[in-house]
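Chemist: The following block contains the structure, expressed as structure tokens.
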Amino acid sequence: MHVLQSSAWRLILGAAILVVSSLLLVLWSFRSAGPDVLETAGCSSRQTQEPLDLRDTHVRNAFAYLVPQCYVLPSLQDGEALNPCYTCHQRGDAPNFIDDALFQRQYQMAEAALATPWPNVFEDRTARIERMDDGWMRDWVRRSNYSSADGSLILAHRLRTLPEHWDLDGDGIWDGYVPDVYFRFDDLGFDRDPAGGYTGWRAFAYYPLPGTYWPTNGSAGDVLIRLADAFRRDARGEPDMDVYALNLAIVEALIRRADVPIDPVDERDFGVDLDKDGRLGPSRWVRYDWAPLEGRLMSYVGLAGRELEEGRIHLAAGLFPEGTEFVQSLRYLDADAAGRVAPSARMKELRYARKKSWYTYAELKGIADREGAERREYENDVVKEAPGDYERGFFTQGWVYQGFIEDRAGDLRPQSQEETLYCMGCHGGIGVTSDTTFAFARKLGGDAYRGGWYHWSQRGVEGVPESVIEVMGEGIHPEYSHYLMQTRSGSDYLDNAELTARFFASDGTSRAEAFERLREDIAFALIPSSERAIRLDKAYRTIVEDQDFVHGRDVNLTPFVRVMPLVPKDLPTGVDRSLKTLARFD
Numbered sequence: 004m005h006v007l008q009s010s011a012w013r014l015i016l017g018a019a020i021l022v023v024s025s026l027l028l029v030l031w032s033f034r035s036a037g038p039d040v041l042e043t044a045g046c047s048s049r050q051t052q053e054p055l056d057l058r059d060t061h062v063r064n065a066f067a068y069l070v071p072q073c074y075v076l077p078s079l080q081d082g083e084a085l086n087p088c089y090t091c092h093q094r095g096d097a098p099n100f101i102d103d104a105l106f107q108r109q110y111q112m113a114e115a116a117l118a119t120p121w122p123n124v125f126e127d128r129t130a131r132i133e134r135m136d137d138g139w140m141r142d143w144v145r146r147s148n149y150s151s152a153d154g155s156l157i158l159a160h161r162l163r164t165l166p167e168h169w170d171l172d173g174d175g176i177w178d179g180y181v182p183d184v185y186f187r188f189d190d191l192g193f194d195r196d197p198a199g200g201y202t203g204w205r206a207f208a209y210y211p212l213p214g215t216y217w218p219t220n221g222s223a224g225d226v227l228i229r230l231a232d233a234f235r236r237d238a239r240g241e242p243d244m245d246v247y248a249l250n251l252a253i254v255e256a257l258i259r260r261a262d263v264p265i266d267p268v269d270e271r272d273f274g275v276d277l278d279k280d281g282r283l284g285p286s287r288w289v290r291y292d293w294a295p296l297e298g299r300l301m302s303y304v305g306l307a308g309r310e311l312e313e314g315r316i317h318l319a320a321g322l323f324p325e326g327t328e329f330v331q332s333l334r335y336l337d338a339d340a341a342g343r344v345a346p347s348a349r350m351k352e353l354r355y356a357r358k359k360s361w362y363t364y365a366e367l368k369g370i371a372d373r374e375g376a377e378r379r380e381y382e383n384d385v386v387k388e389a390p391g392d393y394e395r396g397f398f399t400q401g402w403v404y405q406g407f408i409e410d411r412a413g414d415l416r417p418q419s420q421e422e423t424l425y426c427m428g429c430h431g432g433i434g435v436t437s438d439t440t441f442a443f444a445r446k447l448g449g450d451a452y453r454g455g456w457y458h459w460s461q462r463g464v465e466g467v468p469e470s471v472i473e474v475m476g477e478g479i480h481p482e483y484s485h486y487l488m489q490t491r492s493g494s495d496y497l498d499n500a501e502l503t504a505r506f507f508a509s510d511g512t513s514r515a516e517a518f519e520r521l522r523e524d525i526a527f528a529l530i531p532s533s534e535r536a537i538r539l540d541k542a543y544r545t546i547v548e549d550q551d552f553v554h555g556r557d558v559n560l561t562p563f564v565r566v567m568p569l570v571p572k573d574l575p576t577g578v579d580r581s582l583k584t585l586a587r588f589d
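Residue numbers for the sequence shown follow our numbering, so the first one is 4 and each next one is one higher.
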């Protein structure tokens, strides 16, 4: 189908799509309310089914990396086009050479991917939510499925005593990540094991990406970072947490491309001019100054600095060094008696990433150019290559990704082959990421509490001021306010009635006092009411009961009416101009 040019045709087509969508949603509602679903105190009768055999690696949806948000129709019947797409699809900043900004203006999907493969977004969960008891749900989310009462790690124990139906190669050994985070943080954000030792993991606070990762849309999240062992040792090879903290600051400067304040140090102890003042002496800064073609270089300190000189590890702006790891937990929402909402003890997912190999700027550009050429040559009728498997992880641009998710009983299990493929479109396939990742480039800066090195359990998002972005051609905007204006809902699905009412009047005009409050406290947008929080918990619990994550895992209370069941080939979104943003997190 050729690209429609007329706005009138867009309106007609958009209205027709919405009519068809509504009819399909009605049919789906009848289906989802059928007698096969029966909960008692929140527990489905389907919990007696046999556990999922992960060794079945057949992928039924080869386009699982195309997330449901990409099927949302942003054009409204009055001709206005909203734009939730810009938060992911942009012209990347080198060394991210992906430019998928056109996706803001046009659906570019393979013929085989035009039918939405995410039926869960059309399910009306209202009846199932109402049958769940509030008290049961609160108790459920407050019960950890990660740590036992004695502090040991439940999932790690299960992986070491590997169930047969998890063991892909049948060797009795789990070949992927075995969780070793205890979520016991000191005042510097470092994770400690029960004996008080360091695990190497460090928590950091960050501005959640607008939309999906706001708790008001379903889940709370956190992210931790760990650098390779050499970064945690001094030049003699001895463990040194001061060296480690300094190397983390250097990596932060390289990823955020900004100067990073540090506790006072004497550069002579490390042999590195951290503040770039031309001499070794006292310093309170890691200056970002990396332009190798102009002879301006940066260095790590300690053993990592020596390995950098010897070529065993690498350094470049916008890239993490080899061996960098991230772990992210997604959690339910826990509302207390006073109505305060915080991340729960129970995890929905545990996600893991490790940088296994180094790719240069030229190699990364080659990857992006090849993918772009394939799209053009085959008119987007290509399936993204994602080598790997659920046990070892999936590979992209030097990184390995894998994850764990709840089983029907609420215990964490490895994600299946197809469930893991779901993660690979965003990590390594869009223009907004930094070295395939999201959170660390969005870390709170040096002016924040503890310099941004803390876990959300130590201090919540309350009181964190709004960040700002530069929208190319438009100037400076508060980031979350801009997203709310672009979506009128604070949701990638254009579906969060609570936020719409909080920030907009019934006639669609913005509430100035609400946006002013948001400037000083991002919690006003991110955190839902306690009533919405528990309904979101219940809605997600129904997906866990069904174990049909491959049909969609985003939380919907009622059907997402803006998701199109079928996308016409190369349909314009109605957005006239692609947005390009530059974020500032200081």
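Each residue gets a CB set at the ideal place from its N, CA and C atoms; glycine is no exception.
How far does the beta strand (DSSP E) with Gly431 in it extend, from its first residue to its last?
Modeler: No beta strand (DSSP E) holds Gly431; the alpha helix (DSSP H) holding it covers Cys429 to Gly432.
Chemist: Measure the beta-carbon distance from Val385 to Tyr74 and round it to whole angstroms, keeping in mind my assumption that it falls under 8 Å.
Modeler: No, Val385 and Tyr74 are not in contact; Cβ-Cβ is about 18 Å, not under 8 Å.
Chemist: Once DSSP output is grouped into helix, strand and coil, what is the label at Arg282?
Modeler: If DSSP states are grouped into helix, strand and coil, Arg282 belongs with coil.
Chemist: Name, in chain order, the residues that DSSP records as bridge partners for Gly406.
Modeler: Answer by DSSP bridge pairing, in chain order: Arg354.
Chemist: How far does the beta strand (DSSP E) with Thr399 in it extend, from its first residue to its last?
Modeler: Its beta strand (DSSP E) spans residues Gly396 to Thr399.
Chemist: Count the other CB atoms within 10 Å of the CB of Pro213; is the residue buried (16 or more) or exposed (fewer)?
Modeler: Classification for Pro213: buried.
Chemist: Compare the Cα-Cα distances from Val157 to each of Ala104, Gln405, Arg556 and Val184 and report the closest residue.
Modeler: Note that residue 157 corresponds to Ile in the displayed sequence, not to Val. When only C-alpha atoms are compared, the closest one is Val184.
Chemist: Count the other CB atoms, across all protein chains shown, that sit within 10 Å of the CB of Glu231; report buried if there are 16 or more and exposed otherwise.
Modeler: A small correction: the amino acid at residue 231 is Ala; Glu does not occupy that position in the sequence shown. Result: buried.
Chemist: According to DSSP, is Ile157 part of a helix, a strand, or is it coil?
Modeler: Ile157 falls in the helix class under three-state DSSP.
Chemist: Should the segment 201–210 be called in touch with the segment 219–228, which here means at least 3 C-beta pairs below 8 Å?
Modeler: Result yes; three or more Cβ-Cβ pairs closer than 8 Å.
Chemist: From Leu171 to Leu57, what distance separates their C-alpha atoms?
Modeler: Taking the straight line joining both Cα atoms gives about 7 Å.
Chemist: For Ser533 and Val558, I'd like the C-alpha separation in whole angstroms.
Modeler: Rounded to whole angstroms, Ser533 to Val558 spans 16 Å at the Cα level.
Chemist: Beta-carbon within less than 6 Å of Val330's beta-carbon, same chain only, minus the 5 sequence neighbours each way: which residues are those?
Modeler: Closer than 6 Å at the Cβ level, and outside the excluded window around Val330, lie Val184, Leu227 and Tyr355.
Chemist: Hey, quick one: how far does the alpha helix (DSSP H) through Ser484 stretch, first residue to last?
Modeler: Its alpha helix (DSSP H) spans residues Glu482 to Thr490.
Chemist: On the criterion of 16 or more Cβ atoms from any shown chain inside 10 Å, does Ala536 qualify as buried, or is it exposed?
Modeler: By the neighbour-count rule (16 or more Cβ atoms within 10 Å), Ala536 is buried.
Chemist: Assuming contact is defined by CB atoms lying nearer than 7 Å, are Pro2 and Asn64 in contact in what I supplied?
Modeler: Outside the shown range of the chain (4 to 589) lies residue 2, about which nothing can therefore be said.
Chemist: Please go through the same chain and pick out, in chain order, the residues whose beta-carbon is closer than 7 Å to the beta-carbon of Trp361, but skip the five residues on each side of it.
Modeler: Excluding sequence neighbours, Trp361 sits near His317, Glu325 and Gly401.
Chemist: Give a yes or no on whether the C-beta atoms belonging to Thr490 and Leu497 are separated by under 7 Å.
Modeler: Cβ atoms of Thr490 and Leu497: closer than 7 Å.
Chemist: Using a Cβ-Cβ cutoff of less than 6 Å, which residues in the same chain neighbour Asp39 once the five nearest sequence positions on both sides are dropped?
Modeler: Bear in mind that a pLDDT of 38 at Asp39, under 50, signals an unreliable position, so the number given afterwards is only what the model happens to contain. Here the set comprises nothing.
Chemist: Do the segment 104–118 and the segment 566–583 make contact, defined as three or more Cβ pairs closer than 8 Å?
Modeler: Touching, yes.
Chemist: Would you report the Cα separation of Ile253 and Arg462, rounded to the nearest angstrom?
Modeler: Straight-line Cα distance between these residues: approximately 24 Å.
Chemist: Within the continuous alpha helix (DSSP H) that includes Gln420, where are the two ends?
Modeler: Taken as a continuous stretch (DSSP letters only), the alpha helix (DSSP H) holding Gln420 covers Gln420 to Leu424.
Chemist: Let me confirm a value: Asp127 is counted as buried when at least 16 other C-beta atoms fall within 10 Å, else exposed. Which label applies?
Modeler: Asp127 comes out buried.
Chemist: Is the distance from the Cβ of Val467 to the Cβ of Ile525 below 7 Å?
Modeler: Their beta carbons are under 7 Å apart, which means Val467 touches Ile525 by this criterion.
Chemist: With burial defined as no fewer than 16 other Cβ atoms inside 10 Å of the residue's Cβ, what is the status of Gly455: buried or exposed?
Modeler: Buried, since its Cβ has 16 or more Cβ neighbours within 10 Å.
Chemist: Could you tell me the distance, in whole angstroms, from the CA atom of Ala256 to the CA atom of Met140?
Modeler: When rounded, the distance between both Cα atoms is 42 Å.
Chemist: Specify the secondary structure class of Ala36 as computed by DSSP and reduced to three states.
Modeler: With a pLDDT of 40 at Ala36, under the threshold of 50, the modelled position of this residue cannot be trusted; read the value that follows with caution. DSSP places Ala36 in coil when its eight states are reduced to three.
Chemist: When DSSP builds the beta bridges, which residues end up paired with Asp174?
Modeler: Paired residues: none, contrary to the question.
Chemist: Just tell me which of Arg235, Ser437 and Leu529 has its CA closest to the CA of Arg259.
Modeler: The option with the nearest alpha carbon to Arg259 is Ser437.
Chemist: Identify the residues that DSSP records as bridge partners of Lys583: which are they?
Modeler: Answer by DSSP bridge pairing: none, since Lys583 is not bridged.
Chemist: Do you know how far the Cα of Arg514 is from the Cα of Ala508?
Modeler: Roughly 6 Å separates the two Cα atoms.
Chemist: Look at the Cβ atom of Asp278, then the Cβ atom of Trp288, and state whether they are nearer than 7 Å.
Modeler: For Asp278 and Trp288, yes; Cβs fall inside 7 Å.
Chemist: According to DSSP, what are the bridge partners of Ala223?
Modeler: Paired residues: Arg334.
Chemist: Counting pairs of Cβ atoms below 8 Å between the segment 418–428 and the segment 190–207, do you hit three or more?
Modeler: Result no; under three Cβ-Cβ pairs closer than 8 Å.
Chemist: By Cβ distance, which residues of its chain are closer than 7 Å to Phe552, with the 5 residues on each side in sequence left out?
Modeler: For Phe552, where only same-chain residues beyond five positions count, the Cβ hits under 7 Å are Ile408, Glu422 and Ile546.
Chemist: Applying the 10 Å Cβ sphere with the 16-neighbour rule, what's the burial state of Ile265?
Modeler: Answer is buried; the Cβ neighbour count reaches 16.
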